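Colleague: First, the structure itself, so that you have it in front of you.
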Amino acid sequence: PKHTAEPVLWMSDRSRFEVGRSIRGGIPLCWPWFGAHPTDSSLCMHGFARVTPFTVIDVGQMTNGYTRVILQMKHTENAARQLSYPYTLVLTIEIGETLSIRLATTNRGRQPFFMGEAFHTYFNIGDVEKISLTGLEDSEYADKLLDYWRDTQDGTVRFNQEFDRVYVGTRNAVTIHDEMLGRNIIINKKGSSSTVVWTPWEKKAHQIIDMPRDDGWRKMICVETANAMENIVMINPGYTHVLAVEYVVTDI
């Protein structure tokens, strides 16, 4: 099928695969906050999960033929400095005709804590100016390029310049319509009340050290399943919150 002819996820050819650095592509994990830390700007942007090692807990084949991988984030000194609450963070990945990811945060302490999070997914597309997004119609958003100016999405999302918005209070599925690659990418989510959409455009892309030097920025779009801004989650002692997403690819 033509919708499987090209990779679904995008990766920059200048990504730095180094300990302590996030990669530019794939699905980085933003946790336990999204964006800058709310009170300490010296801490990692988007939290420390994306630069912290995980341990493989289990790998196996499911009855439907999918492969399932379960990982748990290690408790490192760097992590302990940035989050003092007792917790467990488990990532489950199921890969087959679709890709499903679940991030489970359990509060092991005696006090509730607040948490922001996102799957910062980079999708591979034909050309950012020729795609469109549906599922965000009439959703409120904060425009990060306009000092978080609030507005409501009017119709389909299209792109002709740098774009960086946090859509809040939305649990809808989002679909990337890609005529050039002849496919739709459907993003089904649970446990998420925010969707973040980002493309750097040419000027910003060339300022980012690990973005491609050519027009590779045209070949990616970030559509992030998230809980951000007023949608951060409070987890009570002994409870688990699960952020989940499923990516389904179909022919147009």
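Heads up: the sequence shown begins at 28 in my numbering, then just goes up one per residue.
Cβ coordinates follow ideal geometry from the N, Cα and C atoms, glycine included.
Predicted model only: the values in this text are computed from it and were never measured.
What residue range is occupied by the uninterrupted alpha helix (DSSP H) comprising Trp228?
Modeller: 228-232
Colleague: Helix, strand or coil for Leu172? Go by DSSP, reduced to three states.
Modeller: helix
Colleague: Return the residue from the list Glu121, Arg192, Ala253, Arg240 that minimises the CA-CA distance to Ser220.
Modeller: Ala253
Colleague: Rounded to a whole number of angstroms, what is the C-alpha to C-alpha distance between Val152 and Asp205?
Modeller: Correcting the residue type first, residue 152 is Ile in the shown sequence and not Val. If I take the Cα positions, the gap works out to 7 Å.
Colleague: Could you pull out every unbroken alpha helix (DSSP H) segment of at least 4 residues lying fully inside the stretch 36-94, listed in chain order?
Modeller: Restricted to the stretch 36-94, not a single alpha helix (DSSP H) segment is unbroken, complete and at least 4 residues in length.
Colleague: Is there contact here, the stretch 132-143 with the stretch 58-69, by at least three beta-carbon pairs under 8 Å?
Modeller: yes
Colleague: Report buried or exposed for Phe44, applying the criterion of at least 16 other Cβ atoms within 10 angstroms of its Cβ.
Modeller: Classification of Phe44: exposed, given that the 10 Å Cβ count is below 16.
Colleague: Quick one: what's got a C-beta closer than 8 Å to Thr183's C-beta in the same chain, skipping five residues either side?
Modeller: Ser159, Leu160, Thr161, Glu164
Colleague: Under a three-way DSSP split, which group does Glu257 fall into?
Modeller: helix
Colleague: With a threshold of 16 other CB atoms inside 10 Å of the CB of Glu309, please say whether the residue is buried or exposed.
Modeller: Because the chain spans 28 through 279 in this model, residue 309 falls outside it and cannot be assessed.
Colleague: Hey, how far is the Cα of Tyr117 from the Cα of Asp181?
Modeller: Contrary to the premise, residue 117 reads as Val rather than Tyr in this sequence. If I take the Cα positions, the gap works out to 37 Å.
Colleague: Is the Cβ-Cβ distance between Ile213 and Thr277 less than 8 Å?
Modeller: yes
Colleague: Quick one, which of Leu56, Ile259, Val269 has its alpha-carbon nearest Pro80's?
Modeller: Leu56
Colleague: How long is the line joining the alpha carbons of Thr115 and Glu156, rounded to whole angstroms?
Modeller: Straight-line spacing of the CA atoms in Thr115 and Glu156 works out to 41 Å.
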